[in-house]
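Data block below; observations after.
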DNA sequence: ACTCTTAATAAGAATAATTCTTATTAAGAG
DNA sequence: CTCTTAATAAGAATTATTCTTATTAAGAGT
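Protein chains in written order, with the numbering used here: chain A, 422 to 571; chain B, 422 to 571.
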């Protein structure tokens, strides 16, 4: 993302914070700026190191907390929708996964021939492909129900 | 997977082990049996608990090691291709990811309108969808090169 | 079957990523 | 400018996973 786009993103952050009654802190701005201007899908540690030059006293915990809140605000997202634990499957039939971002449950979605995913040509230039699957992220019905109870 | 399919899978494991000069251990058999007969994408802890009834002395380390080796043998796979660290991205333009299973590098793949993924109808019944992206797993060219050096 | 080599294991310590606890700071409402 | 409290820094704690080391057992060779 170029400078202008990053600046626009910061403006969006400010609006989003106001809307959610969240405070616009330097930490939030600098961390979003860093993720938005990076092209390397940085991890928390990399963001921490990069942001230190602007905010020398920042703690790694703030980075984690802020990345999570920026995700909540829909400003950034987590590549691969990391789950706290690795989960395994022995069924090699090509199928997709619906992953509930709230409870971590994984739902299989088996598709027919017509709905099979096609791997973009570009991918073959990057390396040797082992497999590919569609990852659908959302909130499952069960968790949606729970939300209403609160 | 039904009993018969599980048994077939165990046979495949035995063949694969012989081919790779790996020993056919009870731990490998029971762990594969557990993952293959489960429908819940179990994590290491769940496999550990389930397998304890058959092998009361099994250690959690063996479960982790065995799950990894079963993955190597292509008998099971890891849902979501868990990476050791969470990685973030601020670019919400729909795009896919090529994830190198060896070095963890994530490569963006931007696609044109025609190659856009279509979310299977079934997914909408499971819950509220936030987003979806294609995850292509493989080994990047750089890592493929390194392999040859050995 | 018996022996031997060594891959695989159990046990528990160690590590790495992430989250929690608590005291302090500062955003922004009034 | 003051006050409330959300957000933070610091470091301890936790959780998933991996490593270390001594022991066991698979299976090759006899």
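Every residue, glycine too, gets a C-beta built ideally from N, C-alpha and C. Predicted model, so just to flag it, every value in this text is computed and none were measured.
Taking C-beta separations shorter than 6 angstroms and ignoring five residues to either side along the sequence, the partners of residue 430 (chain B) in its chain run 457, following chain order. Residue contact check for residue 556 (chain B) against chain A: a CB pair falls below 7 angstroms. Short of 7 angstroms from the beta carbon of residue 476 (chain B), and not among the five residues preceding or following it, lie these beta carbons of its own chain, in chain order: 447, 448, 451. Per DSSP, residue 549 (chain B) is one residue of the beta strand (DSSP E) stretching across 548 to 561. The C-alpha of residue 545 (chain B) lies about 13 angstroms from the C-alpha of residue 556 (chain A). Here residue 469 (chain A) is not bridged, per DSSP, to any residue. Contacts with chain A (Cβ-Cβ distance below 8 angstroms) from the stretch 435 to 455 of chain B involve 453, listed in chain order. Listed along chain B, no residue sits closer than 8 angstroms to residue 482 (chain A) by beta-carbon distance, the nearest being about 14 angstroms off.
Using beta-carbon distances, residue 488 (chain B) counts as an interface residue toward chain A, with a partner under 7 angstroms. Shown here, residue 521 (chain A) sits in a strand according to DSSP, grouped into three states.
Secondary structure of residue 484 (chain A) (DSSP, three-state): helix. Residue 509 (chain B) belongs to the set of residues whose beta carbon lies under 7 angstroms from a beta carbon in chain A.
Residue pairing of residue 516 (chain A) in beta bridges, as defined by DSSP: A:531.
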